[in-house]
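Structure, as structure tokens:
Below, the structure is given as structure tokens:
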């Protein structure tokens, strides 16, 4: 129950703004897919289209094979959680969660049982008689989640639900959302601009840019093997260097040597992560100067400069803090990056 299919969905605002550009996506029942991207990439428009709050200019939206594109929001088998909580301020937590059930004329006993079940699920049993202004931000979002689930929807939609919360509460609540989603096995579409949030919570992540899905993959696959230049730059804390192509190779002295992409470009853009920079004591690699150090607990991030013909390069490398303690500004180390850890794209 609850599979979602988007078939060539396009949304144009006015005459020129193409918010969604021929988007197709299949979400299997019980899966949590995160839509990840910066502001204006189309992720919220896509979510609102599934909710029925926006009407696609073209394309179809199906739930369990049923075309719901022309269906009004109130008839769609969805629950939605907003960034702003959207709780009724004149209702208690219990009344807010009960509202969708009462609107569907469910019996009083069934309503009470369902509300008690959900408030226990989101850990709000002690706050049932409080009003929204008496709750913390995290508690308000828990109440909003319980209300979205009250009518047993087939699909749960979450639009930046954690962005208004502080860092600690945001981390705790994202873990709770994942626990609840897995327990209920409800198909979920989760919109966020926070890559750490998307990677932590999703079965698959769809990276969006300019109204299109650039790549959709598991968090691990997306982190390890981005397939587009945009995905590589947006996901993961990667170093980015523009380097010349010479005789089919891209090199940075002895620090980096990979095959160039098949293109007519004279330059390539290479991406690699700070943790993939290796330090050598046996003469391999290339000398690099430590320009600065940033202590980050278990690891220290080194800002390195490699002087190499025809072009130098600055990048970051992570080193266990106990080893980094012996290095000062101006120290020289030898570094290299294995080819399998480098992603290369033409600099078009």
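In our numbering, the protein residues as written are 3 to 350.
We treat Cβ as the ideally placed atom computed from N, Cα and C, and that holds for glycine.
Burial state of residue i (16 or more Cβ within 10 Å)
| i | result |
| --- | --- |
| residue 224 | buried |
| residue 283 | exposed |
| residue 1 | The requested residue 1 does not occur in the structure, where the chain is confined to residues 3 to 350. |
| residue 30 | exposed |
| residue 2 | No information on residue 2 is available, as it lies outside the stretch 3 to 350 that the chain covers here. |
| residue 161 | buried |
| residue 192 | buried |
| residue 228 | buried |
| residue 175 | buried |
| residue 266 | exposed |
| residue 241 | buried |
Where residue i falls: helix, strand or coil (DSSP)
| i | result |
| --- | --- |
| residue 241 | strand |
| residue 236 | helix |
| residue 251 | strand |
| residue 90 | coil |
| residue 106 | coil |
| residue 72 | coil |
| residue 279 | coil |
| residue 264 | coil |
| residue 378 | Because the chain here runs from 3 to 350, residue 378 falls outside it and cannot be looked at. |
| residue 113 | helix |
| residue 95 | helix |
From the options, residue whose alpha carbon lies closest to that of residue i
| i | options | result |
| --- | --- | --- |
| residue 9 | 243, 52, 46, 33 | 52 |
| residue 290 | 271, 255, 151 | 255 |
| residue 274 | 298, 231, 33 | 231 |
| residue 125 | 108, 96, 281, 163 | 96 |
| residue 281 | 257, 271, 262 | 257 |
| residue 112 | 122, 100, 123, 121 | 100 |
| residue 278 | 317, 295, 55 | 317 |
| residue 74 | 91, 54, 260 | 54 |
| residue 145 | 180, 346, 122 | 122 |
| residue 315 | 260, 305, 170, 32 | 305 |
| residue 347 | 16, 339, 269 | 269 |
| residue 379 | 253, 331, 194, 141 | Here the chain comprises residues numbered 3 to 350, so residue 379 is not present and cannot be evaluated. |
| residue 272 | 350, 211, 221, 92 | 350 |
In DSSP terms, what residue i is bridged to
| i | result |
| --- | --- |
| residue 190 | 34, 158 |
| residue 214 | 211 |
| residue 80 | 157 |
| residue 269 | 246 |
| residue 223 | Residue 223 is not bridged to any residue. |
| residue 348 | 270 |
| residue 259 | 253 |
Short CB-CB distance (under 8 Å) between residue i and chain B
| i | result |
| --- | --- |
| residue 305 | The chain inventory of the structure shown lacks chain B, comprising one protein chain alone. |
- Which whole runs of the beta strand (DSSP E) in the segment 116-187 are 3 residues long or more, in chain order? 157-161
- Query: In the segment 283-338, which residue ranges form an unbroken beta strand (DSSP E) of at least 3 residues, counting only runs that do not cross its ends?
  - Reply: 288-297, 301-308, 315-322, 334-338
- Sequence ranges, beta strand (DSSP E) only - wholly within the segment 5-69, length at least 3: 6-15, 19-29, 34-38, 60-65
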